[in-house]
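S.K.: In this note's numbering, the protein residues as written are 58 to 242. So that we are looking at the same thing, I have put the structure below in structure tokens.
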Amino acid sequence: MDACDEQADTYAITFEVTDGYLTDSETVIITVNDANHAPIITTFVPENSLTYNESDVITIGIIATDADGQALSYTIKIDGVTKSTSSSYVWETDYSSAGTHIIDITVSDGIEQVTDSRTITINDAHPRWDVNEDGTVNVLDISIIGQKYGASVEAPYPRWDVNQDGAINVQDMTLAAYHFGETVA
């Protein structure tokens with residue numbers, strides 16, 4: 058804190074003038090308020106310019122401090138749309154999330170506010186049900202799941218574990234069958 062910050066108080070100052078014969082004085086009350094300090098963002102994740110894939114989970118987090126000890130409020134926006142008014146947000150991307158996105162944050166102490174932003178890229182990814190990634194959900198995808206049927210797998214899950222639960226079973230077949238015939242751009 059600055060030395061000036063410790064001088065907040067109410068002061069009575071008396072001004073006195075004299076011409077050698079007469080004296081006059083006036084007391085003035087001056088109030089010195091504390092200076093407000095803007096919050097400081099100490100941590101903001103994700104880092105700038107990171108690249109993700111569709112269906113990735115992106116954790117957005119802010120840690121900020123305020124030298125004056127004031128309560129802080131937060132706003133997290135993605136592409137200009139408010140997603141959270143807390144210090145964190147979990148973005149569960151999907152197959153429509155590809156592109157470049159701007160994450161803006163604002164931290165306020167009610168008087169001052171600070172902002173920061175990150176630009177991230179989300180790569181277009183084949184939907185999991187296009188198991189062989191040939192651009193079409195077809196019998197080849199169903200066949201691959203069938204060959205692995207009954208297997209248990211661990212993360213990172215292979216593509217034939219379509220629902221990514223660690224078991225190759227009827228749920229994986231059902232997901233691929235539901236999307237059967239789709240062409241993946």
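Cβ atoms here follow ideal geometry from the backbone N, Cα and C, with glycine treated the same way.
1) List the residues that DSSP assigns as beta-bridge partners of V89.
2) What are the partner residues of G118, as DSSP defines its beta bridges?
3) Is the beta carbon of I162 sitting closer than 9 Å to the one on I177?
4) Applying the 10 Å Cβ sphere with the 16-neighbour rule, what's the burial state of S56?
5) CA-CA distance, S144 and L129?
6) Is it right to say T86 is buried, meaning 16 or more other beta carbons lie within 10 angstroms of its own, or is it exposed?
7) Just curious, the beta strand (DSSP E) that S174 is in, first and last residue?
8) Return the chain-ordered list of same chain residues with a C-beta closer than 6 Å to the C-beta of F72, the five sequence neighbours on each side being excluded.
9) In the DSSP assignment, what are the bridge partners of H158?
10) Ends of the beta strand (DSSP E) at Y109?
11) Would you call the CB atoms of N195 and G238 closer than 9 Å?
12) For T157, tell me which candidate among N220, I98 and I179 has the shortest Cα-Cα distance.
13) So the candidates are P184, I120 and D191; which of them puts its Cα closest to the Cα of N220?
14) Pick helix, strand or coil for V227, following the three-state DSSP scheme.
15) May I ask which residues mark the beginning and end of the alpha helix (DSSP H) holding S130?
16) Enumerate in chain order the residues of its own chain whose CB-to-CB distance from A233 is below 8 Å, with the five nearest sequence positions on each side excluded.
17) Which residues bound the alpha helix (DSSP H) around D198?
18) Round the Cβ separation of I119 and I98 to the nearest angstrom and send it over; I've been treating them as touching at under 8 Å.
M.R.: The short version:
1) Position 32 of the sequence shown, counting from 1, holds the residue named residue 89. Per DSSP, D66.
2) Within the sequence shown, residue 118 is the residue found at index 61, counting from 1. Answer by DSSP bridge pairing, in chain order: V102 and S145.
3) Locating residue 162 in the sequence shown gives position 105, where the first residue counts as 1. Locating residue 177 in the sequence shown gives position 120, where the first residue counts as 1. Their beta carbons are not under 9 Å apart, which means I162 does not touch I177 by this criterion.
4) There is simply no residue 56 to check, as the chain begins at 58 and stops at 242 in what is shown.
5) Within the sequence shown, residue 144 is the residue found at index 87, counting from 1. Within the sequence shown, residue 129 is the residue found at index 72, counting from 1. Rounded to the nearest angstrom, the two C-alpha atoms are 9 Å apart.
6) The sequence position of residue 86 within the sequence shown is 29, counting from 1. Checking the displayed sequence, the identity of residue 86 turns out to be Ile instead of Thr. The residue is exposed, with fewer than 16 neighbouring Cβ atoms inside 10 Å.
7) Locating residue 174 in the sequence shown gives position 117, where the first residue counts as 1. Its beta strand (DSSP E) spans residues Q170 to N180.
8) Stepping through the sequence shown from its first residue, residue 72 is reached at position 15. Cβ within range, chain order: E83.
9) Sequence index remark: in the sequence shown, residue 158 carries index 101 (1-based). In the DSSP output, where bridge partners are listed per residue, H158 has I177.
10) As a position in the sequence shown, residue 109 is number 52, starting the count at 1. Where Y109 is concerned, the enclosing beta strand (DSSP E) stretches over T108 to N110.
11) The sequence position of residue 195 within the sequence shown is 138, counting from 1. The sequence position of residue 238 within the sequence shown is 181, counting from 1. For N195 and G238, yes; Cβs fall inside 9 Å.
12) For the purposes of this step, residue 157 is identified with residue 100 of the sequence shown, where counting begins at 1. Of N220, I98 and I179, the residue nearest in Cα terms is I179.
13) If you number the sequence shown from 1, residue 220 lands on position 163. The shortest Cα separation from N220 among P184, I120 and D191 belongs to P184.
14) Counted from its first residue, the sequence shown places residue 227 at position 170. DSSP places V227 in helix when its eight states are reduced to three.
15) For the purposes of this step, residue 130 is identified with residue 73 of the sequence shown, where counting begins at 1. Where S130 is concerned, there is no enclosing alpha helix (DSSP H), although the beta strand (DSSP E) it sits in stretches over S130 to I135.
16) For this step, residue 233 is matched to residue 176 along the sequence shown. W186, V188, V194, D198, I199, I202 and V219.
17) Mapped onto the sequence shown, residue 198 falls at position 141. V196 to K205 is the extent of the alpha helix (DSSP H) around D198.
18) Taking the sequence shown and counting its residues from 1, one reaches residue 119 at position 62. Taking the sequence shown and counting its residues from 1, one reaches residue 98 at position 41. With a Cβ gap of about 6 Å, I119 and I98 count as contacting.
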